[in-house]
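In the numbering used here, the protein residues as written are 4 to 1179.
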């Protein structure tokens, strides 16, 4: 048996023998403590050296460590410390270690509280309180002791809370122990409200209600003055109980599991205090503090703050000042920065969450890990080391990114239960797409949480469309507030010069400097620093003196001036540091820079003295560039060959130092070696890029994976052009990564090249992968016939003749690809073959894909029942095999089919199910569909303004993924909206463009003719109508557009009074009088087809027939809850009755239509009513 006590006086007892006396000196106890604290994993020798000698290592580090390990083995026994390079502590079982016992006992105490057993909870809490109160290795100084000390302090605080709250419940003499615990809590953690709540209960329980009320007033004043916040609901509820005469201490124990996360240290990047006070930012700080107070309220628009300003304007300084203030007041502050070249996916958010994972208390980390750990471990590998029992994440590829994003939301929400959270994301203009997607998800989260996300970015930086679109979406959807940071005022500029130069500048000099720099603080500091180094005194300087040294073109030129004054070794050191990145490890830097030890230290000291590098607070041996612009200037000034040489040296240094831990550094290794690649190093560069891509895929960062594959391809193309099969595999991987990221346009180009290589190699399997990947579309672009895609699928079917799942999928792809082609008739036999193969295989997945093929083949007017049956079967199969994308496809088709049938409730249920799945997948086209349908429903309900807005939102959501599809559907919706508004003519040019771009889709020409009729331009409408009627409408293909084309042509025919053509159209449309007219993927519903039949019958002179159709249409449109469609039917019916024996009914119908036109803003219906009443 082993008993080790690290708290208070060190004690080591094995099998009853006390061994602590043999652990002489300071280093051996520290070594033992480090191994004990990390006894769940192997520890490398380099790690031990860094822990024992962080600043001044002995000359022979390995020898010194060997001596200590030998002494420890002689004390504990040789079997207690197996291994050579990787060591782990193996102690005789059972093992009792006080810090572990304390954490376990406080956990059991909390469980007892939840089980309603206060006496057992009180007794259990005494042990952890006793252990934790002694302190971990008191007197020992080491940075690695701080996290476990914080964990131990959290254990002590939780034990005090349990003792206090259980004391309240037990009452009697235990109220005194509750009061003592509460006062200790308040003294130790003045912003932790639990101490005040317990103290109020204890005082009230002993009859001192007045004193308890004063405690609440003390808390309220403290929070108001120091934090600018109000007491928590728990504290307010306790106060309200005190105001009631029957007030007694509550038996409830809310908040016992408060995590105290305010004790997480400030992130290192935010700890550096500026050399002088923050100037000229009172307005911005006041606004940020106001938004901080609003965070977590009902309005989500305050959850994200976008801090925008030019480079060097002081965004980071302002952010750090706010962070320090809030952290001092008890907030949890997490922070990360996006580098110019992202090395790992989600990098800024990953940095922030990693800081939490490394510093969170045992209890808090454990509770969050139990709930979200398996998902978060994808993003934060350190979490699995601190919580090794985490289960692996579920293997559900379609929902994995959604689950990861929800886990991050859950983590922040859980943290904010104990203290409000500030999440700082700096340099967001360089964020990768995964980061932007996760930020959007956090912004949209509806979970109540006291969280403020402060995202800073350069307003003047040339940013990609991806970033601009993400920011525009946050602002448009009122998910973010933007705060612009400008330059300092002239007086603040002068004060900054005074602080920097330690003398008051002349007014002329200050004015000239302000004019030149526009108050940019970094620019001001760099110019003043340069002038001081050149011997200019700002106190007596004039504008002429400033001009005499030549005003720079920009900040980077000022930096270049200053770099030019450095010694050559310092310049070389800084170049290497610039290649390494923002955060520089001194040990790695020393390995790479070709300098001797003394020369290296001199160069490092000069860089620090010049203010170009700063020490990273709290992380010994690490340095940061004082501003990102300095690193950019250094990096951009180097020639490409010089950069490549340094990248190679840095990559090799990482390889040499990290050994088995290389997996943590794969993105860095891929980054450096792909930029250093030459013929000799190409294989190494490609290997690391592939490993980094695979790692990114496991982290669900598909965009980052695609970038790594693209870099591997670039290297392979330059140095291994003959490796055709490898290039094919790389292209397939790239295409699949791009598909998963939603970038289908660029995915197709990768698949196309892969298909060409696969055919060249005669590799049917690879060609099939390329064809399936290239045609993996949730929605087929309307009217598009991609002959290249069709040829690719056909060739894959030739090379893969076996009747397998792959063949079924290829057949389904081919059905989609030829839908709008002249070969539409082939879809029937192709889909039947797919069903036959699936039946032979007995595979539900194959059957689901076969249903997909069949559903496309029967997407026309006569086969509504077949469509419903096939879509329903496909949905059942997709759910059975857990294939979310197939499930969403089936939901989408059911929306179309059920809307056509007129089952409004079933349509809503399918839309709701689709929306839930789309939220899980978080892919652009699914998001586009949900907004598209919201616009359709708004239009159907007569909310024309809302429909207009939602149609624009749908275009913005869909265009990045499928520009052709999104723009066509937007045009469809916009034409329908303007048609109802009576503003159809505004879109004549759009309609004509669509006719020209879609010659194979007559529905667009029918829409143009309808527009011309609505505008009263009947001769022009007649010309368009005749082009479609030339062969008795036989040229209108019987596809999904056929019903729309026939319905619009029916309206035109009626407006033209063409009785002969009305008979032809009536005969074609009559079998479908019981359904609704639906456009495309349910973008627009024109209402009951019976209404169009009524107009045709009236044009034919068949009043009795027309009345029957119109009555059916009135009932159908009313049931559909489509007031504008209903009003149009009322006008058309009234027109058929007008001037005859049904005049009274016509007047009644017109009155109802006029009322609807007024209520719903339909200018078109209002105009038709006015024309009819005026005798038209």
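Ideal Cβ positions, reconstructed from N, Cα and C, are used throughout, including at glycine.
From a predicted model like this one, the values you see are computed outputs, not experimental measurements.
query	result
Check: residue 219 C-beta below 8 Å from any heavy atom of the ligand GDP	As presented, the structure is devoid of all ligands, the ligand GDP included, so that no description of it is given.
Backbone CA spacing between residue 444 and residue 742 [nearest angstrom]	20 Å
Distance between residue 172 and residue 263 (C-alpha atoms, nearest Å)	Because residue 263 carries a pLDDT of 38, less than 50, the predicted location of this residue cannot be relied on, and the following value inherits that uncertainty. Their Cα atoms are separated by approximately 23 Å.
Cα-Cα separation between residue 735 and residue 769, rounded to whole angstroms	8 Å
Sub-9 Å separation of residue 966 and residue 954 beta-carbons	no
Distance CB(residue 141)-CB(residue 106) smaller than 9 Å	no
Length at least 4, wholly inside the stretch 511 to 596: the alpha helix (DSSP H) runs in chain order	524 to 536, 546 to 551, 558 to 566, 571 to 583, 589 to 595
Backbone CA spacing between residue 785 and residue 971 [nearest angstrom]	7 Å
Range covered by the beta strand (DSSP E) that runs through residue 1088	1087 to 1091
Nearest neighbour of residue 19, chosen from 803, 6, 25, 1093 [CA to CA]	6
Option in 68, 615, 589, 636 with minimal Cα separation from residue 603	589
Minimum Cβ-Cβ distance from residue 333 to chain B less than 9 Å	This model lacks chain B altogether; it includes just one protein chain.
Under 9 Å between C-beta atoms of residue 640 and residue 580	no
Residue 267 - DSSP class collapsed to helix/strand/coil	coil
Integer-rounded CB distance, given that residue 985 should sit under 8 Å from residue 1126	So it is not a contact: roughly 15 Å between Cβ atoms.
For residue 955, the three-state DSSP class (helix, strand or coil)	helix
Between the CA atoms of residue 393 and residue 43 - distance to the nearest angstrom	14 Å
Spatial distance of residue 258 from residue 585 (CA atoms)	Residue placement at residue 258 is poorly supported in this model, since its pLDDT is 30, which falls under 50; the coordinates still yield a value, given next. Their backbone Cα atoms lie some 40 Å apart in a straight line.
Identity of the residue in 1170, 282, 1118 nearest residue 1153 by Cα	1170
Chain-order list of residues whose beta-carbon lies under 7 Å from that of residue 899 (same chain, five-residue window excluded)	1081, 1084, 1085
Segment contact flag, the stretch 726 to 734 with the stretch 753 to 765, C-beta cutoff 8 Å, min 3 pairs	yes
Residue 694, DSSP secondary structure in three states	helix
Distance CB(residue 1175)-CB(residue 1115) smaller than 9 Å	no
Residue 1 vs residue 874 beta-carbon contact at 9 Å	The structure shown does not extend to residue 1, since the chain spans only 4 to 1179, so no value can be given for it.
Segment limits, alpha helix (DSSP H) that includes residue 654	643 to 661
Residue 17, enclosing beta strand (DSSP E) - first and last residue	14 to 17
Reduced DSSP secondary structure (H/G/I, E/B, other) of residue 626	strand
Three-state secondary structure assigned by DSSP to residue 500	helix
Complete runs of the alpha helix (DSSP H) confined to the stretch 354 to 414 [at least 4 residues]	365 to 382, 384 to 389
Selection from 845, 644, 672 that minimises the alpha carbon distance to residue 655	672
Other residues of its chain near residue 636: CB distance less than 8 Å, five sequence neighbours each side excluded	559, 562, 563, 566
Residue 200 to residue 129 span [Cα, whole Å]	21 Å
Straight-line gap, residue 432 to residue 913 (C-alpha atoms, nearest Å)	38 Å
Beta-carbon proximity of residue 960 to residue 941, cut-off 9 Å	no
Run of the alpha helix (DSSP H) containing residue 8, from where it starts to where it stops	Taken as a continuous stretch (DSSP letters only), residue 8 belongs to no alpha helix (DSSP H), being part of the beta strand (DSSP E) at 5 to 8.
Buried or exposed by the 16-neighbour rule on C-beta atoms within 10 Å, applied to residue 417	buried
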